[in-house]
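These protein sequence lines map, in sequence, to chains G and S. No gaps in the numbering here: position 82 of the first sequence is 196 in the numbering used here, and each next residue is one more. No gaps in the numbering here: position 81 of the second sequence is 195 in the numbering used here, and each next residue is one more. Here a beta-carbon is modelled for each residue, glycine too, at the ideal position from N, C-alpha and C.
2 protein chains.
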Amino acid sequence: MTDTKTRILDTALNLFNRAGERNVTTNHIAEGLGISPGNLYYHYRNKAAIVAALFERYQEQIRDLLTVPEGPLTWQDKMRYFEGILESMWQARFLHRDLAHFLHQDAELRRRYKVFVQDSLERGLVIYRSLRDSGLIQASDEELRGLLVNTWVLAASWPGFTHGLNPDATGDEALDRTLLRQGIYQIICLEAPYLRGEALDHLDAMKQEFRTGDTTMDLLFAAAEAPPARRA
Amino acid sequence: MTDTKTRILDTALNLFNRAGERNVTTNHIAEGLGISPGNLYYHYRNKAAIVAALFERYQEQIRDLLTVPEGPLTWQDKMRYFEGILESMWQARFLHRDLAHFLHQDAELRRRYKVFVQDSLERGLVIYRSLRDSGLIQASDEELRGLLVNTWVLAASWPGFTHGLNPDATGDEALDRTLLRQGIYQIICLEAPYLRGEALDHLDAMKQEFRTGDTTMDLLFAAAEAPPARRA
DNA sequence: CGATTTTTAGAGTAATTACTCTAGGAGTCA
DNA sequence: TGACTCCTAGAGTAATTACTCTAAAAATCG
Numbered sequence: 115m116t117d118t119k120t121r122i123l124d125t126a127l128n129l130f131n132r133a134g135e136r137n138v139t140t141n142h143i144a145e146g147l148g149i150s151p152g153n154l155y156y157h158y159r160n161k162a163a164i165v166a167a168l169f170e171r172y173q174e175q176i177r178d179l180l181t182v183p184e185g186p187l188t189w190q191d192k193m194r195y196f197e198g199i200l201e202s203m204w205q206a207r208f209l210h211r212d213l214a215h216f217l218h219q220d221a222e223l224r225r226r227y228k229v230f231v232q233d234s235l236e237r238g239l240v241i242y243r244s245l246r247d248s249g250l251i252q253a254s255d256e257e258l259r260g261l262l263v264n265t266w267v268l269a270a271s272w273p274g275f276t277h278g279l280n281p282d283a284t285g286d287e288a289l290d291r292t293l294l295r296q297g298i299y300q301i302i303c304l305e306a307p308y309l310r311g312e313a314l315d316h317l318d319a320m321k322q323e324f325r326t327g328d329t330t331m332d333l334l335f336a337a338a339e340a341p342p343a344r345r346a
Numbered sequence: 115m116t117d118t119k120t121r122i123l124d125t126a127l128n129l130f131n132r133a134g135e136r137n138v139t140t141n142h143i144a145e146g147l148g149i150s151p152g153n154l155y156y157h158y159r160n161k162a163a164i165v166a167a168l169f170e171r172y173q174e175q176i177r178d179l180l181t182v183p184e185g186p187l188t189w190q191d192k193m194r195y196f197e198g199i200l201e202s203m204w205q206a207r208f209l210h211r212d213l214a215h216f217l218h219q220d221a222e223l224r225r226r227y228k229v230f231v232q233d234s235l236e237r238g239l240v241i242y243r244s245l246r247d248s249g250l251i252q253a254s255d256e257e258l259r260g261l262l263v264n265t266w267v268l269a270a271s272w273p274g275f276t277h278g279l280n281p282d283a284t285g286d287e288a289l290d291r292t293l294l295r296q297g298i299y300q301i302i303c304l305e306a307p308y309l310r311g312e313a314l315d316h317l318d319a320m321k322q323e324f325r326t327g328d329t330t331m332d333l334l335f336a337a338a339e340a341p342p343a344r345r346a
């Protein structure tokens, strides 16, 4: 069995994602993994420390994922990396959900987060530039920056957005994956106009791979008109 | 003097935006406009009712702004409308900040919000289609939908994103406007690849109008390299 | 085994906060 | 003026909840 310290984090993460940090008491967490509240406070000085630890964990994951190996990269490869990133963001969705509050409360967290975002955007820029060097993307530096910021905001907000629209099915693993994939699709839409060469050849295939039409888009675009939908 | 009921809403909105709903007690609100807590509860049954009223107000604003007059529309006109929308979203930024929590707590709110988003996206689609009919945009219906969802998520998340990075200057009106304008710029970036004809002619001018380079982008892209920056 | 350190339990506390309740002022209309 | 309704005050309460404290079990080590 893993040590209590990480088990606390795992349980807390689960509960936080499910119900929102605000609605999860330290007693809930303790109860959730069958230990006493006192025990919990032995391992973490307070609730904020738990959040901070989860935050740290999350940042490390993203940092690793944005460290792409040397050498030329296909656009599809890059999208797989992005899938991992969105996956991480999804796993830590409670963080982005209540991010404003955490940042508001803790100046140190704020400082670290700012550095984190800056660092992530820089790493992203490196990746995009390498794609451009390979002729897979055509865009000015300025366009790349705009694109990058939009990608980041979208990726970070997507979990909260979809979960807000569909919070009934909490814990539905299958639906979760669908919404996640639709997030990738939205990012593909962001990049699509800038793709060139081989990347363009694979665009349709990638779109197809990640579009989850019926489930998500119909959730957004009501009954009015679905893409190539049967209409009774 | 306006009536107490709306004064409560105004004060609450201000405090919520400043400190986050979670950190603002009903006593704070009452104190904020110099009335007693009891009085506040005479006008609103509970705190959630205040939030709900603000929510309603916000939705009405957006709905109105997305009701664009008949007849052909220039792209610049449309962007002015978007400016209004982002402005409204900015004014109600606490809502998007804590949206997940509100939706989690209140099933009725959830239902209404879903309808609201769907309705907004449909109205947006109408606008984009009319731009396409005027030859100002070139995109398939599918592309328009992707674009629209991205625009929505970006617009809704932008206030929270920027405020998270820069919460020190709460209430700095000038900075607020700058960040808001940068949000418009990001939306322009989203649409840019699809613009045609006259819209394309005005793209650079519009970009220039809304880009706030030094203030925001440098906040994101650290010192590494700024667009046309002096480098010591 | 004995000693020491790490980990656990769980009852208890202090502080916060959403909300209630009663009583009284202020406007309005006869 | 009197009656009636609308609005306001502000002290008080009940419940929640993050966190503390003491003491004992469990592991570690000589």
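In the DSSP assignment, what are the bridge partners of residue 309 of chain S? Paired residues: S:251.
Skipping 5 residues on each side, what residues in its chain have a beta carbon closer than 6 angstroms to that of residue 210 of chain S? Excluding residues up to 5 positions away in sequence, 270 and 274 lie with their Cβ nearer than 6 angstroms to the Cβ of residue 210 of chain S in the same chain.
Who are the Cβ neighbours of residue 207 of chain G in its own chain at under 6 angstroms, not counting the five residues just before and after it? Once the five neighbours on either side are set aside, the close Cβ partners of residue 207 of chain G are 131 and 273.
With a cut-off of 9 angstroms, does the C-beta of residue 295 of chain S fall near any C-beta of chain G? Chain G contact via Cβ: absent.
Compare the C-beta of residue 263 of chain G against all C-beta atoms of chain S and say whether one is closer than 9 angstroms. Under the Cβ criterion of 9 angstroms, residue 263 of chain G is counted among the residues facing chain S.
What separation, rounded to the nearest whole angstrom, lies between the Cα atoms of residue 264 of chain S and residue 305 of chain S? Going from the Cα of residue 264 of chain S to the Cα of residue 305 of chain S covers about 10 angstroms.
Buried or exposed, going by whether 16 or more other CB atoms sit within 10 Å of the CB of residue 229 of chain S? Its Cβ having fewer than 16 others within 10 Å, residue 229 of chain S is exposed.
Closer than 9 angstroms, CB to CB, is residue 138 of chain G near chain S or not? No, no contact with chain S.
State the start and end residues of the unbroken alpha helix (DSSP H) segment that holds residue 158 of chain S. Element bounds for residue 158 of chain S: n/a, residue is neither H nor E.
With H, G and I counted as helix, E and B as strand and the rest as coil, what does DSSP make of residue 244 of chain G? In this structure, residue 244 of chain G counts as helix in the three-state DSSP scheme.
Stretch-stretch touch, CB-based, cutoff 8 angstroms, three pairs: the stretch 161-177 of chain G with the stretch 116-128 of chain G: Contact holds: three or more Cβ-Cβ distances are below 8 angstroms.
Go ahead and label residue 214 of chain S buried or exposed: buried means 16 or more other beta carbons lie within 10 angstroms of its beta carbon, across all protein chains shown. The residue is buried, with at least 16 neighbouring Cβ atoms inside 10 Å.
State the start and end residues of the unbroken alpha helix (DSSP H) segment that holds residue 202 of chain G. Here the alpha helix (DSSP H) through residue 202 of chain G covers 189-205.
Where the stretch 250-278 of chain G meets chain S: residues whose CB sits under 8 angstroms from a CB there: The stretch 250-278 of chain G vs chain S, Cβ under 8 angstroms: 255, 256, 257, 259, 260, 261, 263, 264, 267, 268, 270, 271, 272, 274, 275, 277 and 278.
Proximity of residue 325 of chain G and residue 299 of chain G at Cβ, strictly below 9 angstroms: Their beta carbons are under 9 angstroms apart, which means residue 325 of chain G touches residue 299 of chain G by this criterion.
Taking 9 angstroms as the threshold (beta carbon to beta carbon), is residue 119 of chain S in contact with chain G? Judged by the 9 angstroms Cβ criterion, residue 119 of chain S is not in contact with chain G.
Contact with chain G by residue 231 of chain S, beta-carbon distance below 9 angstroms: For residue 231 of chain S, at least one C-beta of chain G is nearer than 9 angstroms to its own C-beta.
Residue 124 of chain G lies in the alpha helix (DSSP H); which residues open and close that run? Taken as a continuous stretch (DSSP letters only), the alpha helix (DSSP H) holding residue 124 of chain G covers 118-133.
Three-state secondary structure (DSSP) at residue 149 of chain S? Three-state result, residue 149 of chain S: coil.
Across the stretch 247-259 of chain S and the stretch 255-264 of chain G, are there enough close Cβ pairs to call them in contact, namely three or more that are closer than 8 angstroms? By the criterion of at least three beta-carbon pairs nearer than 8 angstroms, the stretch 247-259 of chain S is not in contact with the stretch 255-264 of chain G.
Per DSSP, what kind of secondary structure is residue 184 of chain G in: helix, strand or coil? Three-state DSSP puts residue 184 of chain G in coil, outside helix and strand.
Establish whether the CB of residue 217 of chain G and some CB of chain S are separated by less than 9 angstroms. By the rule that beta-carbons nearer than 9 angstroms mark a contact, residue 217 of chain G touches chain S.
Buried or exposed: residue 322 of chain G, going by 16 or more other Cβ atoms within 10 Å of its Cβ? Looking at its Cβ environment, which holds fewer than 16 other Cβ atoms inside 10 Å, residue 322 of chain G is exposed.
Can you tell me whether residue 280 of chain S is helix, strand or coil according to DSSP? The three-state reading of DSSP puts residue 280 of chain S in coil, since its state is none of H, G, I, E or B.
9 angstroms Cβ cut-off: residues of chain G touching residue 308 of chain S: Under the 9 angstroms cutoff, chain G gives 307.
Excluding the five sequence neighbours on either side, which residues of its own chain have a C-beta within less than 7 angstroms of the C-beta of residue 203 of chain G, listed in chain order? In the same chain as residue 203 of chain G, and ignoring 5 residues on each side of it, the C-beta atoms closer than 7 angstroms to its own belong to 210, 269, 270 and 273, in chain order.
How about residue 228 of chain G: is its C-beta nearer than 9 angstroms to some C-beta of chain S? Interface residue, yes.
Check the Cβ-Cβ distances between residue 212 of chain G and every residue of chain S, and say whether any is below 9 angstroms. Proximity of residue 212 of chain G to chain S, defined by a Cβ-Cβ separation below 9 angstroms, is satisfied.
With H, G and I counted as helix, E and B as strand and the rest as coil, what does DSSP make of residue 318 of chain G? Here DSSP, grouped into helix, strand and coil, assigns residue 318 of chain G to helix.
Any beta carbon from chain G within less than 9 angstroms of residue 243 of chain S's own beta carbon? Using beta-carbon distances, residue 243 of chain S does not count as an interface residue toward chain G, since no partner is under 9 angstroms.
Give me the chain G residues within the contact set of residue 304 of chain S, using Cβ-Cβ distance strictly less than 7 angstroms, ordered along the chain. Those within 7 angstroms of residue 304 of chain S in chain G are 264.
At a CB-CB cut-off below 8 angstroms, which residues of chain S make contact with residue 146 of chain G? Simply none; closest approach about 18 angstroms.
Within 10 angstroms of its Cβ, does residue 156 of chain G collect 16 or more other Cβ (buried), or is it exposed? It is exposed - the Cβ of residue 156 of chain G has fewer than 16 other Cβ atoms within 10 Å.
Under 7 angstroms Cβ-Cβ, which residues of chain S neighbour residue 134 of chain G? The answer, in chain order, is 214, 215 and 218.
Applying a beta-carbon distance threshold of less than 7 angstroms, which residues of chain S neighbour residue 300 of chain G? Per Cβ cutoff of 7 angstroms: 260, 263 and 264.
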